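One structure is given below, encoded as structure tokens.
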Amino acid sequence: MVGASAAGLAGTPGAFTADECHLEGNGKGGKSTWCSGVFVPHNGSLVDREAQVEWPDGRAGAHTQVRTVLFGGYQRESGIDVALMAGLGPVMGLLSVGCAFAALSRATQDRLALLLPDRVFATYVESRS
51 MVGASAAGLA
61 GTPGAFTADE
71 CHLEGNGKGG
81 KSTWCSGVFV
91 PHNGSLVDRE
101 AQVEWPDGRA
111 GAHTQVRTVL
121 FGGYQRESGI
131 DVALMAGLGP
141 VMGLLSVGCA
151 FAALSRATQD
161 RLALLLPDRV
171 FATYVESRS
């Protein structure tokens with residue numbers, strides 16, 4: 051959803067104006083810049099005067115385009131975020147499938163391997179021997 055919001059495909063679009071920005075610990079030993087300010091949606095619906103946005107280059111008085119995120123909060127519209135999500139999505143999907151396959155019994159893995167294309171099946175059989 052974050053990638054869809056960053057790409058402009060989900061969420062309510064609007065303008066964010068930072069009142070103040072400060073560094074906060076991100077729980078991973080690093081720091082992130084968070085700005086608090088006002089979100090004004092383009093459709094004229096409810097204005098949020100207590101909006102907060104993670105914004106590395108943010109500074110008081112600056113403006114940026116954001117979208118609401120499904121689970122609350124705001125996401126800056128950014129091509130970098132879209133590219134990151136587009137690259138990570140398939141990788142995470144492949145890792146998930148691999149982990150799920152590894153958790154199956156050997157007999158079930160062998161039955162599923164029969165559905166693979168011949169060249170891939172041959173590699174599977176070779177790796178099992």
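Heads up, the final residue of the sequence shown is numbered 179 in the numbering used here, and it's a clean run with no missing numbers. Note that beta-carbon positions come from the ideal geometry of N, C-alpha and C, so glycine has one too. If you're wondering where the values come from, they're calculated on a predicted model, not measured in any experiment.
- Secondary structure note for serine 86: its beta strand (DSSP E) is the uninterrupted segment 81-91.
- For histidine 92 and proline 106, the gap between their C-alpha atoms comes out near 23 Å.
- Using a C-beta cut-off of 8 Å, the segment 59-73 makes contact with the segment 97-115, since at least three inter-stretch Cβ pairs fall below that distance.
- Here glycine 122 carries a coil assignment [DSSP, helix/strand/coil].
- Residue state for proline 63 is assigned as strand, using DSSP reduced to three classes.
- Alanine 157 is not a Cβ neighbour of tyrosine 174, given a cutoff of 8 Å.
- Secondary structure at glutamate 100: strand, using DSSP grouped into helix, strand and coil.
- In the structure shown, alanine 68 falls within a strand segment according to DSSP collapsed to helix, strand and coil.
- Only exposed fits arginine 109, as fewer than 16 other CB atoms lie within 10 angstroms of its CB.
- Secondary structure of glycine 75 (DSSP, three-state): strand.
- In chain order, Thr67 and Arg99 place their CB closer than 6 Å to the CB of valine 88, counting only its own chain and leaving out the 5 sequence neighbours on each side.
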